[in-house]
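Numbering (this note's numbering), first residue to last: 1100 to 1259. Below you'll find the structure, written out as structure tokens, and then a few comments.
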Amino acid sequence: MRLEKCFFCSSTVYPGHGMMFVRNDAKQFRFCRSKCHKNFKMKRNPRKVKWTKAFRTAAGKEMTVDASLEFEKRRNIPVRYDRELMATTLKAMKRIQEIKAKRERVFMKKRLAGKKEQERSEALKLVQKNVELIQTPALKKKLMEKKIISVPGSQDVEMA
1100 MRLEKCFFCS STVYPGHGMM FVRNDAKQFR FCRSKCHKNF KMKRNPRKVK
1150 WTKAFRTAAG KEMTVDASLE FEKRRNIPVR YDRELMATTL KAMKRIQEIK
1200 AKRERVFMKK RLAGKKEQER SEALKLVQKN VELIQTPALK KKLMEKKIIS
1250 VPGSQDVEMA
């Protein structure tokens, strides 16, 4: 059973699914669904369409350079069936999937590491901007003591 890759979005195309477009020069394009086929016919660039794998790798949202990604490449060399070879291959495939999943988790953690600090600073800016909406005087007093916010009416203003 051969699993193909969609030409547009790079998802897997299982046997009996999707469609194939063959150009006049005999180049074959496989598509997983009509959405990909229509976007291909409209001559859209997969790197500019946000839901494709090409966009995610180009934008740095997914791993691009990793040794575990090399195992997904298709090999056209036929190998004679050997039970031991198949058993070791299946074990290796499971181990590679574990390694790949672990590396993707680490990559995601690194990518999202600065997000929490950014959200906190944005929240502080929002509180400073809309301090008049805070209704409890105790909370206002607490914020003033911490000097997180400054009330606009409390500053000295000179009139000329």
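In this text, a Cβ means the ideal position worked out from N, Cα and C, and glycines have one as well. Model, not experiment: these values are computed from the prediction.
G1117 and R1101 do not touch by the CB rule: their CB atoms are close to 13 angstroms apart, not below 8 angstroms.
Under the 10 Å beta carbon count, F1106 is surrounded by 16 or more other beta carbons and is classified as buried.
Per DSSP, the unbroken beta strand (DSSP E) holding R1129 starts and ends at Q1127 to F1130. Per DSSP, the beta bridge partners of E1103 are V1112. In this structure, the straight-line span from the alpha carbon of C1135 to that of M1207 is close to 27 angstroms. Residue environment: P1114 is assigned as exposed (fewer than 16 neighbouring CB atoms within 10 Å of its CB, all protein chains considered). Apart from sequence neighbours up to five positions away, the residues of its chain that approach T1163 with a beta-carbon distance below 6 angstroms are T1156, ordered along the chain. If you look at M1118, you'll find it isn't in any alpha helix (DSSP H); it sits in the beta strand (DSSP E) that goes M1118 to V1121.
DSSP, reduced to helix, strand and coil, places M1192 within a helical segment of the structure shown. In this chain, E1161 is not harboured by any alpha helix (DSSP H), its DSSP state being neither H nor E.
Secondary structure at L1211: coil, using DSSP grouped into helix, strand and coil. V1121 is classed as exposed because its beta carbon has fewer than 16 other beta carbons within 10 Å across all chains shown.
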